[in-house]
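The structure under discussion appears below in the form of structure tokens.
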Amino acid sequence: MKGATVTGRDELSFDGDARWFEVIRPERQTLPLVFNSPHSGRVYSNAFLSETRLDAHEIRRSEDLYVDELFAMAPAFGAPLQRAFFPRAFLDVNREPFELDPRMFSGALPSHVNMTSMRVAGGLGTIPRIVAENMPIYDAPIDAGAGLRRIEEIYRPYHRSLKQLMQETKRRFGQAVLIDCHSMPGSVTVGGHRRKPDIVIGDRFSTSASSDIAYAAISILERMGFVTAYNKPYAGGFITEHYGRPAADCHALQIEVSRRLYADEQSYAKKPEFIALKQALTLFIQQFSAFLAGSEDSAGLAAE
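Numbering (the working numbering), first residue to last: 81 to 384.
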């Protein structure tokens, strides 16, 4: 497959499953952390662009703009980073493998397809029907076989890789902490609060991570001057729920960064503030890593 990118490179070739995404590993993993950026992919294949009714600008409305770049320093601190190249509008790996709307497809779907989830009803299943602002992606039904191949050839390898990273980390350190990295619209508000959140931390309402870990992340961010929210309006998606098993010392947090902090949401261009935000999130990674390592610098964070 060859993919046309709309963000600077003219073309990117995929040679096998691994090129749908990549894992950037540190020289040596020294932390029980795994970073994941599933929605920042921005390589759009010519075939996909020919299928969609949207133009090359509109189709990008579902992207978590540049989130992989915001957290790019994670490997320098000893933690792997997995990031998608494929766009969320093409395939959403933060869903169950078969959350599919049968109205989108020509041909039969398997009987185990979840057709009734709220995400499917909202047009945001594993193969989305819409991008943000309720804009339909397709004019005509997709061939069911072609849709299922996206799941077999991209979704399953992506999750096999992420599962392996978590298992390796757990074996090495006795625990594993997944940070699932996302962005949110700048217009997001939280009921009862006058200020818009800069960052939302989600742990599926204390079910995907220990409270100490979630509170430490929030405390660090607030000490850095960010306005935070906890589980509202984003508590975490399938990835957070699926990989977070606190009783087994596998924890998962979702982090949502407001796009108004670093990008123009109409042109998708980075703001000058992008560099400062990346530096701040690098400091967050450093301090959160210190907390997990149990250093003196992090003492008391979880209790604040």
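In this text, a Cβ means the ideal position worked out from N, Cα and C, and glycines have one as well. These figures come from a predicted structure and were not determined experimentally.
Determine the contact status of Val200 and Asp181, defining contact as a CB-CB distance below 8 Å.
yes
Helix, strand or coil, according to DSSP, for Glu107 in the structure here?
coil
Taking 8 Å as the cut-off, decide whether the C-beta atoms of Tyr238 and Phe101 are in contact.
yes
Which same chain residues, not among the five before or five after Gln366, have their C-beta less than 8 Å away from its C-beta?
Phe157
Alpha-carbon spacing of Ala289 relative to Ile300, whole angstroms:
17 Å
Where does the unbroken beta strand (DSSP E) through Ser117 begin, and where does it stop?
113–117
Does Asp223 pass the burial test, meaning 16 or more other C-beta atoms within 10 Å, or should it be called exposed?
exposed
Would you say Leu161 and Ile234 are within 8 Å of each other, going by their C-beta atoms?
Taking 8 Å as the Cβ cut-off, Leu161 and Ile234 do not qualify as a contacting pair.
On the criterion of 16 or more Cβ atoms from any shown chain inside 10 Å, does Pro112 qualify as buried, or is it exposed?
buried
Since Leu361 and Phe151 should fall inside the 8 Å C-beta cutoff, what is the C-beta to C-beta distance between them, to a whole number of angstroms?
6 Å
N- and C-terminal bounds of the beta strand (DSSP E) containing His331
His331: member of the beta strand (DSSP E) spanning 330–338, first to last residue.
Grab the span of the beta strand (DSSP E) containing Arg163 for me, first residue to last.
161–164
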